[in-house]
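K.L.:
If you scroll down you'll find the structure; I have some questions about it.
Number of protein chains: 2
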Amino acid sequence: MASAKLRREMNRDRLEADVVAEAVRVFAANGYEGASVAAIAENVGLSKQNLMYYFPSKQALYQRVLDDVLDEWLARMANIAEQDGEPADVLRAYIRAKLAFSREHPLASRVYAMEVISGAPVYGEKIRERVVPLVRKDIDVFKRWIAEGRIAPVNATHLLFAIWAMTQSYADFSTQMKLVLGRGELAAQDFHEAEDTITRMVLAAIQR
Amino acid sequence: MASAKLRREMNRDRLEADVVAEAVRVFAANGYEGASVAAIAENVGLSKQNLMYYFPSKQALYQRVLDDVLDEWLARMANIAEQDGEPADVLRAYIRAKLAFSREHPLASRVYAMEVISGAPVYGEKIRERVVPLVRKDIDVFKRWIAEGRIAPVNATHLLFAIWAMTQSYADFSTQMKLVLGRGELAAQDFHEAEDTITRMVLAAIQR
DNA sequence: GTCTATATTCAGATAGAC
DNA sequence: GTCTATCTGAATATAGAC
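Top line first, the protein sequences correspond to chains A and B.
The numbering of the first sequence is the working numbering, which starts it at 149 and goes up by one.
The numbering of the second sequence is the working numbering, which starts it at 149 and goes up by one.
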């Protein structure tokens with residue numbers, strides 16, 4: 149009895165995960181309005197009506213996608229800046245983690261980016277609740293380092309904005325980068341060079 | 149005769165400019181698919197059908213919007229890197245110009261960003277023709293500086309990607325920045341601090 | 001050039017049988 | 001939970017009178 153229910157729930161979880169994974173692709177490629185539930189359903193092998201049995205509305209599915217994106221992102225990025233260690237080492241780890249996310253989850257990054265660029269009409273409140281406090285904590289860490297004289301007195305907020313922008317662009321703007329590099333895909337080498345260049349800029353800027 | 153025609157054409161130009169300006173707003177806020185021609189027409193005081201007399205299709209209007217966005221961007225950004233002068237001064241001017249564009253034309257930046265994030269399905273070819281050569285020229289300037297020993301041997305390509313990402317984010321991600329800063333709008337002061345921080349990072353990185 | 005009217009397609013969502 | 005069938009609204013686009 150319990151095991152049958154458990155198995156059913158695992159199947160459901162797996163199915164939902166499949167749907168969400170496909171939804172990320174479609175939302176990333178077309179934006180919220182441009183995405184069609186029918187397309188997502190077809191790609192995942194469900195009827196549109198059946199998909200809507202699991203996700204009652206397109207918005208509900210979209211919110212679930214954003215929730216999952218943010219969960220994954222928080223799991224990787226939370227608490228990096230708060231770790232002990234030399235500022236240079238912490239910043240290196242932070243840049244590396246954020247670039248790795250861009251490389252491993254470019255679609256997730258793009259869905260989030262499009263939502264923000266559109267003015268965060270559906271996810272603004274969640275960003276305020278879940279992202280902003282984390283960002284502020286990271287900024288506070290930078291400020292503490294400055295107060296303690298461990299790094300140069302840079303503008304902590306804009307330093308973080310800069311790190312975010314530089315690392316995230318390797319997911320969001322990879323299409324343009326590929327055109328500039330004349331390459332079909334960004335390769336491991338590109339991400340290494342990116343990491344070196346970004347790290348160099350950040351560490352040079354905080355040099356006392 | 150000729151003056152009547154001229155006047156008519158000026159009116160038409162003005163009307164088209166009004167439509168394009170409004171279209172930028174709507175495309176930036178909703179993406180290509182999410183934008184509706186009817187909404188654009190209404191906001192500009194035309195009937196939908198009348199608008200489609202001037203722009204035969206939604207895609208044509210969208211392409212026109214992107215063309216105008218790119219024209220404006222090229223008018224400001226082309227040839228900055230190619231100017232004579234100390235690398236530090238040229239880079240300062242480049243960063244300032246790009247930040248000014250983000251500040252003065254955030255909607256233009258967002259429309260372009262969404263197109264690129266979506267994979268540039270309609271504007272990819274134009275980007276290849278009009279943007280990529282310019283970017284490559286700028287990168288070549290950086291490489292020449294390195295070869296001449298005027299700046300440190302950084303990765304020229306990724307340095308440019310970094311500058312683009314940092315400056316552009318003040319248009320594209322301003323919604324998130326405003327939430328972090330707890331402010332309704334980005335102010336002149338924010339852009340000054342951004343410019344200082346970005347310039348510091350770039351100049352520190354090229355320091356020999 | 002501008003209007004009324006309409007064709008056509010497509011999307012999200014719901015009802016109800018099984 | 002899954003299916004067939006359908007409703008409803010919106011959006012692009014076109015036809016044709018004035």
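Just so it is clear, CB atoms sit at the ideal spot from N, CA and C, and this is done for glycine as well.
Remember, it's a predicted structure, so these values are computed and weren't measured experimentally.
Given that residue 341 of chain B touches chain A, what residues does it touch there, using C-beta distances under 7 Å?
P.N.:
Within the second sequence, numbered from 1, the residue matching residue 341 of chain B stands at position 193. Here the neighbours are 303 and 306.
K.L.:
When the Cα atoms are used, what is the spatial distance from residue 299 of chain A to residue 350 of chain B?
P.N.:
Residue numbering aside, residue 299 of chain A sits at position 151 when the first sequence is read from its first letter. Residue numbering aside, residue 350 of chain B sits at position 202 when the second sequence is read from its first letter. Roughly 17 Å separates the two Cα atoms.
K.L.:
What does residue 289 of chain A touch in chain B if you count any residue whose Cβ is under 8 Å from its own?
P.N.:
Working through the first sequence from its first residue, we reach residue 289 of chain A at position 141. The premise fails here: residue 289 of chain A is roughly 14 Å from chain B at the closest Cβ pair, so nothing lies under 8 Å.
K.L.:
So, residue 179 of chain B versus residue 266 of chain A, is the Cβ gap smaller than 8 Å?
P.N.:
For this step, residue 179 of chain B is matched to residue 31 along the second sequence. For this step, residue 266 of chain A is matched to residue 118 along the first sequence. Yes. Within cutoff.
K.L.:
Using only the alpha-carbon positions, how far apart do residue 254 of chain B and residue 158 of chain A sit?
P.N.:
Along the second sequence, read from residue 1 onward, the residue named residue 254 of chain B stands at position 106. Along the first sequence, read from residue 1 onward, the residue named residue 158 of chain A stands at position 10. Rounded to whole angstroms, residue 254 of chain B to residue 158 of chain A spans 45 Å at the Cα level.
K.L.:
By Cβ distance, which residues of its chain are closer than 7 Å to residue 250 of chain B, with the 5 residues on each side in sequence left out?
P.N.:
Numbered from its first residue, the second sequence carries residue 250 of chain B at position 102. These residues qualify, in order along the chain: 257, 315, 316, 318 and 319.
K.L.:
Would you say residue 327 of chain B reaches chain A, if we count a Cβ-Cβ gap shorter than 8 Å as a contact?
P.N.:
Numbered from 1 along the second sequence, position 179 holds the residue referred to as residue 327 of chain B. Answer yes: the Cβ-Cβ gap between residue 327 of chain B and chain A drops below 8 Å somewhere.
K.L.:
In the DSSP assignment, find the alpha helix (DSSP H) that holds residue 295 of chain A and state where it starts and stops.
P.N.:
For the purposes of this step, residue 295 of chain A is taken as the residue at position 147 of the first sequence. Residue 295 of chain A -> alpha helix (DSSP H) spans 280-295.
K.L.:
Of all the CB atoms in chain A, is at least one closer than 8 Å to the CB of residue 298 of chain B?
P.N.:
Start at 1 with the first residue of the second sequence, and residue 298 of chain B comes out as number 150. By this cut-off, residue 298 of chain B is not an interface position.
K.L.:
Is the CB-CB distance between residue 244 of chain B and residue 343 of chain B below 8 Å?
P.N.:
Within the second sequence, numbered from 1, the residue matching residue 244 of chain B stands at position 96. Within the second sequence, numbered from 1, the residue matching residue 343 of chain B stands at position 195. It is a contact, given that the beta carbons lie within the stated cut-off.
K.L.:
Against residue 177 of chain B, what residues of chain A qualify as contacts under a CB-to-CB distance less than 7 Å, listed in chain order?
P.N.:
Taking the second sequence and counting its residues from 1, the one referred to as residue 177 of chain B is at position 29. Ordered by position in chain A, the residues that pass the 7 Å Cβ test against residue 177 of chain B are 266 and 267.
K.L.:
Within 10 angstroms of its Cβ, does residue 348 of chain A collect 16 or more other Cβ (buried), or is it exposed?
P.N.:
Numbered from 1 along the first sequence, position 200 holds the residue referred to as residue 348 of chain A. It is buried - the Cβ of residue 348 of chain A has at least 16 other Cβ atoms within 10 Å.
K.L.:
What residues of chain A sit near residue 182 of chain B, judged by a beta carbon separation below 9 Å?
P.N.:
Within the second sequence, residue 182 of chain B is the residue found at index 34, counting from 1. Those within 9 Å of residue 182 of chain B in chain A are 179, 180, 181, 182 and 266.
K.L.:
May I ask you to report which of helix, strand or coil DSSP gives residue 216 of chain A?
P.N.:
Along the first sequence, one-based indexing puts residue 216 of chain A at 68. Note: residue 216 of chain A maps to helix in three-state DSSP.
K.L.:
Would residue 229 of chain A and residue 289 of chain A be called neighbours here (beta carbons separated by less than 8 Å)?
P.N.:
Locating residue 229 of chain A in the first sequence gives position 81, where the first residue counts as 1. Locating residue 289 of chain A in the first sequence gives position 141, where the first residue counts as 1. Their beta carbons are under 8 Å apart, which means residue 229 of chain A touches residue 289 of chain A by this criterion.
K.L.:
Could you give the distance in angstroms between the alpha-carbon of residue 304 of chain A and the alpha-carbon of residue 287 of chain A?
P.N.:
Within the first sequence, numbered from 1, the residue matching residue 304 of chain A stands at position 156. Within the first sequence, numbered from 1, the residue matching residue 287 of chain A stands at position 139. Distance between the alpha carbons of residue 304 of chain A and residue 287 of chain A is about 6 Å.
K.L.:
Report the option in B/246, B/200, B/338 and B/272 whose CA atom is closest to the CA atom of residue 215 of chain B.
P.N.:
Taking the second sequence and counting its residues from 1, the one referred to as residue 215 of chain B is at position 67. Residue 215 of chain B has its Cα closest to that of B/272, out of B/246, B/200, B/338 and B/272.
K.L.:
Answer with yes or no whether the minimum CB distance from residue 313 of chain B to chain A is below 8 Å.
P.N.:
The residue given as residue 313 of chain B occupies position 165 in the second sequence. Chain A contact via Cβ: present.
K.L.:
Please work out which residues of its chain come closer than 8 Å, Cβ to Cβ, to residue 173 of chain B, disregarding the five sequence neighbours upstream and downstream, and give them in chain order.
P.N.:
Stepping through the second sequence from its first residue, residue 173 of chain B is reached at position 25. Only 191 and 255 meet the Cβ criterion.
K.L.:
Note down the Cα distance separating residue 326 of chain B from residue 332 of chain B, rounded to an integer number of angstroms.
P.N.:
For the purposes of this step, residue 326 of chain B is taken as the residue at position 178 of the second sequence. For the purposes of this step, residue 332 of chain B is taken as the residue at position 184 of the second sequence. About 6 Å.
K.L.:
For a cutoff of 8 Å on Cβ pairs, would you count residue 363 of chain A as touching chain B?
P.N.:
Only positions 149 to 356 of chain A appear in the structure, and residue 363 of chain A is not among them; the question remains open.
K.L.:
Taking 8 Å as the threshold (beta carbon to beta carbon), is residue 337 of chain B in contact with chain A?
P.N.:
Here residue 337 of chain B is taken as the residue at index 189 of the second sequence, counted from 1. Answer no: the Cβ-Cβ gap between residue 337 of chain B and chain A never drops below 8 Å.
K.L.:
Throw me the rounded Cβ distance for the residue 426 of chain A and residue 311 of chain A pair, which I believe falls under 8 Å.
P.N.:
Beyond the ends of chain A as shown, which are 149 and 356, falls residue 426 of chain A; an answer cannot be given.
K.L.:
Is it buried or exposed, residue 308 of chain B, if we count other Cβ atoms within 10 angstroms and call 16 or more buried?
P.N.:
Numbered from 1 along the second sequence, position 160 holds the residue referred to as residue 308 of chain B. Buried.
K.L.:
Quick check on this structure: which residue in B/285, B/188, B/176 and B/279 has the alpha carbon closest to the alpha carbon of residue 218 of chain B?
P.N.:
Locating residue 218 of chain B in the second sequence gives position 70, where the first residue counts as 1. Nearest C-alpha to residue 218 of chain B: B/279.
K.L.:
In terms of residues, what are the limits of the alpha helix (DSSP H) holding residue 327 of chain B?
P.N.:
Your numbering for residue 327 of chain B matches position 179 in the second sequence. It spans 322-329 - the alpha helix (DSSP H) in which residue 327 of chain B sits, taken as one unbroken run.
K.L.:
Just the C-alpha distance for residue 163 of chain A and residue 324 of chain A, rounded to the nearest angstrom, thanks.
P.N.:
Within the first sequence, residue 163 of chain A is the residue found at index 15, counting from 1. Within the first sequence, residue 324 of chain A is the residue found at index 176, counting from 1. Cα-Cα distance, rounded: 34 Å.
K.L.:
Suppose you measure from the CA of residue 166 of chain A to the CA of residue 185 of chain B; what does that come to, to the nearest Å?
P.N.:
For the purposes of this step, residue 166 of chain A is taken as the residue at position 18 of the first sequence. For the purposes of this step, residue 185 of chain B is taken as the residue at position 37 of the second sequence. Residue 166 of chain A and residue 185 of chain B: Cα-Cα distance of roughly 35 Å.
K.L.:
Among B/339, B/206, B/221 and B/181, which residue has its Cα nearest to the Cα of residue 262 of chain B?
P.N.:
The residue labelled residue 262 of chain B in the question sits at position 114 within the second sequence. Comparing Cα-Cα distances from residue 262 of chain B to each of B/339, B/206, B/221 and B/181, the minimum goes to B/181.
K.L.:
Can you tell me where the alpha helix (DSSP H) with residue 351 of chain B in it begins and where it stops?
P.N.:
If you number the second sequence from 1, residue 351 of chain B lands on position 203. Segment 336-354, the alpha helix (DSSP H) holding residue 351 of chain B.
K.L.:
Please say whether residue 339 of chain B and residue 264 of chain A have beta carbons closer to each other than 8 Å?
P.N.:
Sequence index remark: in the first sequence, residue 264 of chain A carries index 116 (1-based). Sequence index remark: in the second sequence, residue 339 of chain B carries index 191 (1-based). The answer is no: Cβ separation not under 8 Å.
K.L.:
Does residue 309 of chain A have its Cβ less than 8 Å from a Cβ in chain B?
P.N.:
Mapped onto the first sequence, residue 309 of chain A falls at position 161. Judged by the 8 Å Cβ criterion, residue 309 of chain A is in contact with chain B.
K.L.:
Which residues, in chain order, does the segment 202-223 of chain B contribute to contact with chain A at a C-beta distance below 8 Å?
P.N.:
Per Cβ criterion, the list is empty.
K.L.:
With 8 Å as the threshold, decide whether the Cβ of residue 344 of chain A is near any Cβ in chain B.
P.N.:
As a position in the first sequence, residue 344 of chain A is number 196, starting the count at 1. True, the Cβ-Cβ gap to chain B drops below 8 Å.
K.L.:
Between residue 276 of chain B and chain A, is there a C-beta pair that is closer than 8 Å?
P.N.:
Here residue 276 of chain B is taken as the residue at index 128 of the second sequence, counted from 1. By this cut-off, residue 276 of chain B is an interface position.
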